[in-house]
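To start, the structure itself, in structure tokens.
Number of protein chains: 4
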Amino acid sequence: MRLAVLNAADDLLVEQGFTATTIEGIAARAGVAKQTIYRWWKSKVDILLDALIDDAREGLAWADPAGTPTDDLTSHLRRVAAFFQEPAGQVLQALLGHAQLDKDTAVALRERFLREQRARDVAGLSAILERHTDRPPRPETVDGLVDLLLGPVSHRILVQGAPVDEDLLRATARAVLQPAT
Amino acid sequence: MRLAVLNAADDLLVEQGFTATTIEGIAARAGVAKQTIYRWWKSKVDILLDALIDDAREGLAWADPAGTPTDDLTSHLRRVAAFFQEPAGQVLQALLGHAQLDKDTAVALRERFLREQRARDVAGLSAILERHTDRPPRPETVDGLVDLLLGPVSHRILVQGAPVDEDLLRATARAVLQPAT
Amino acid sequence: MRLAVLNAADDLLVEQGFTATTIEGIAARAGVAKQTIYRWWKSKVDILLDALIDDAREGLAWADPAGTPTDDLTSHLRRVAAFFQEPAGQVLQALLGHAQLDKDTAVALRERFLREQRARDVAGLSAILERHTDRPPRPETVDGLVDLLLGPVSHRILVQGAPVDEDLLRATARAVLQPAT
Amino acid sequence: MRLAVLNAADDLLVEQGFTATTIEGIAARAGVAKQTIYRWWKSKVDILLDALIDDAREGLAWADPAGTPTDDLTSHLRRVAAFFQEPAGQVLQALLGHAQLDKDTAVALRERFLREQRARDVAGLSAILERHTDRPPRPETVDGLVDLLLGPVSHRILVQGAPVDEDLLRATARAVLQPAT
DNA sequence: GCCTAATCGAGACGGTACGTCATGTCTTTAG
DNA sequence: CTAAAGACATGACGTACCGTCTCGATTAGGC
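Residue numbers (the working numbering), protein chains in the order written: chain X, 1 to 181; chain R, 1001 to 1181; chain L, 2001 to 2181; chain A, 3001 to 3181.
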């Protein structure tokens, strides 16, 4: 039943968009009573968050460092950009959007997903930086670099709504790897 | 009448949030008939966009270059971060959020606001870069740099929901100004 | 212009019914501004009443007595029944209907149309009765007979919504002509 | 819930008239959601018809024959005339009026109320006629007499909007009882 | 192995907002 | 100066979902 609901929510979001993804619609599609949904989830955001957590971990996972730091970073960013085309990426995009409109969503999204994701991003980025520099960077320094790394791609996709190109990836990677002055 | 509606929408958004900003609420607050609103605007997004266009131009305007390029960039980014605290910035944040949920909103926001804003950003950034380098950068190069410039701040604010700190500003400015390799 | 409005109202009523006959619709159909209608008429009832008065007089007119009183009465009632099929009859039916729902309509319909029509009915009925009885009936007696004469037909048509048959006409005529006991 | 709605509709009709009796008004007065009304009734006509059916049966019931046929008929007609002063009678009057303006109302009113009422009228009239004549009248003959019986009173009340007087009642009774020639 | 409690589907309920239509008043534009 | 065009505040329309609330009907699991 839980899976029927999560899949119905996922499908509806991809097919019809966030607004048309109503609790009634999810219930009907999942062949489930509305009350059953309310018993287990607080809102449709809660459902989508559950769906996201199940699906997004691997889509945004870091590969082990395999080449030059620049190549590793650009290929990770390429993967991030691709993720937003996948169903799970669309769920994340919708939740990020709705988080701008609703504080509860913002809090839930950050506590239940973004915080852990950021930890994974810090770890992945650290692994790459360690191969690049002699002294391993301190965690709080890396933390500050995550926005520098992910910001340009997310700005291009979410704000500008335009495709990510290789120039942007390379410039971003260089920016992250530049020596602190 | 037009102004009463735009102000009512603005006020409601700041006080109650995007979802609670309904057409009926705007109409009641503006002392205007619902039909009158539907005569001139297609949706509340349309209203907020009008309000934004009137208000946001100066909030995101570039100052003339006045110091080192790094200082100019960090102080512009500081202004951008501050803008999201202002009413007009909250309108932009809400519209950016809703644009992730609704294609029509995305199209309207980009065509009616973001495109022109990006042109202003390209111009402002160019003016600074020209003082920095000998040969003035080509416009299409600068265009690519805008995401690099604005992405980290927007990611920090909109995605992470965390305050912008000086380290981020400085790192971002350095990234934009680093020599193309 | 007056005629354009009256005809538009008439046509709309026959084609679309009373409820769908709106002031806006009449104005559009007559190629006239709403305000112009409001300048000359108080309501759509007022318009229809004007249309009715122009058209109904002859449709409900009494023919000169030509045969036996019974034949004269049945043929008049046959004409009355037929009148409700005509456009003007449908206007009258609508106004009679609306008069049950709205006191102003009831007053206007009676003062501007029914009172005179009843006078014509009294006169027509008197002319027939005079040929039947020796002493001419007193007007107030005849007045009482008008409901007896017209009631059965109007009940059959307006209340029962069923066609009038010859039996009803003959029985009604006999009832009116029966000697006062 | 059902009763709250029917009573609210009844009350509003009597206090404010048919036009001012809106679905929203009924809902508000009954302390019920609009959607609940639409779930169970198609329109306000449907509601009033339900109210009428519950209330009107006794108001238009025939008493057992108790005196001379003439007296029985006049007293029944007197009761009918009085009925139109009662709340249920006003509902019937409004529905009869609206039936002239709207075919659906006409059909519903006849199928759901008038048909059965006419059957009761035929039965009641037959019972009286049987005491008057030796051979009991055939049902289809009586059916034709019902319009003759009720038409004058309804014409006086609904068309002329004038009070019913004893002369009319007596003349009507005589007309119904006159021997078929 | 039965019973009691939790869970399920179904869907009615009081609400809020939607977007539309017609009302009657008013202002503007053009002949 | 009149009439067309149509904007305006008002209020009802019928619809869609919301989140809460009964309803039986299963369906377990603990006695």
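We treat Cβ as the ideally placed atom computed from N, Cα and C, and that holds for glycine. Because the structure is a prediction, the values reported are computed rather than measured.
Counting only C-beta atoms, is residue i closer than 9 Å to chain A at any point?
i: L/PHE2018; result: yes
i: L/ALA2175; result: yes
i: L/PHE2098; result: The amino acid at residue 2098 of chain L is misidentified as Phe; the sequence shows His. Interface residue, yes.
i: L/GLN2085; result: no
i: L/ALA2082; result: no
Just to confirm my understanding: we take residue i, look at its own chain, exclude 5 residues before and 5 after, and list those with CB closer than 7 Å. What are they?
i: L/THR2074; result: LEU2169, ARG2170, ALA2173
i: L/ALA2175; result: LEU2148
i: L/GLY2089; result: GLY2059, PHE2083
i: L/PRO2206; result: Residue 2206 of chain L lies beyond the range of chain L shown here (2001 to 2181); nothing can be said about it.
i: A/ARG3112; result: LEU3049, ILE3053
i: R/ARG1156; result: ALA1162, VAL1164, LEU1168
Does residue i have its Cβ less than 9 Å from a Cβ in chain X?
i: R/ARG1156; result: yes
i: R/ALA1088; result: no
i: R/GLN1178; result: yes
i: R/ALA1094; result: yes
i: R/LEU1168; result: yes
Less than 6 Å between C-beta atoms, sequence neighbours within five positions excluded: which residues of the same chain meet that for residue i?
i: X/PHE18; result: ALA94
i: R/ALA1008; result: ILE1026, ARG1029, ALA1030
i: X/THR105; result: VAL45, HIS98, ALA99
i: L/GLY2144; result: none
Check whether the Cβ of residue i lies closer than 9 Å to any Cβ atom in chain L.
i: A/THR3172; result: yes
i: A/ALA3106; result: yes
Can you give the beta carbon distance from residue i to residue j, rounded, assuming they're within the 8 Å contact cut?
i: R/VAL1014; j: R/PRO1087; result: 5 Å
i: A/LEU3158; j: A/LEU3096; result: 7 Å
i: A/TRP3062; j: A/ARG3120; result: 7 Å
i: R/ASP1010; j: R/VAL1091; result: 7 Å
i: L/LEU2114; j: A/GLN3160; result: 7 Å
Leaving out five residues before and five after residue i in sequence, what residues of the same chain have Cβ atoms less than 8 Å from its Cβ?
i: R/GLU1140; result: none
i: R/VAL1153; result: LEU1077, VAL1080, ALA1081, VAL1164, LEU1168, LEU1169, THR1172
i: A/PRO3136; result: SER3126, LEU3129, GLU3130
i: X/TRP41; result: VAL5, ILE47, ASP50
i: A/ALA3108; result: VAL3045, ASP3046, LEU3049
i: L/LYS2034; result: ILE2023, GLU2024, ALA2027
i: L/ALA2020; result: LEU2012
i: X/MET1; result: ALA30, VAL32, THR36
i: X/TYR38; result: ILE23
i: L/PRO2069; result: ILE2128, LEU2129, ARG2131, HIS2132, ALA2173, LEU2177
i: L/ALA2123; result: TRP2062
Please confirm whether residue i has its beta-carbon closer than 9 Å to some beta-carbon of chain R.
i: X/PRO152; result: yes
i: X/LYS103; result: yes
i: X/VAL159; result: yes
i: X/ASP11; result: no
Closer than 7 Å, Cβ to Cβ, to anything on chain R: give me those residues from the stretch 131-150 of chain X, in chain order. GLY144, ASP147, LEU148, LEU150
Three CB pairs or more closer than 8 Å across the stretch 142-160 of chain X and the stretch 98-113 of chain X: no
Pull out every residue of the stretch 108-122 of chain X whose Cβ sits closer than 8 Å to any Cβ of chain R, in chain order. ARG110, LEU114, ARG118
If the cut-off is 8 Å on Cβ atoms, which residues from the stretch 1042-1071 of chain R count as contacting chain X, listed in chain order? none
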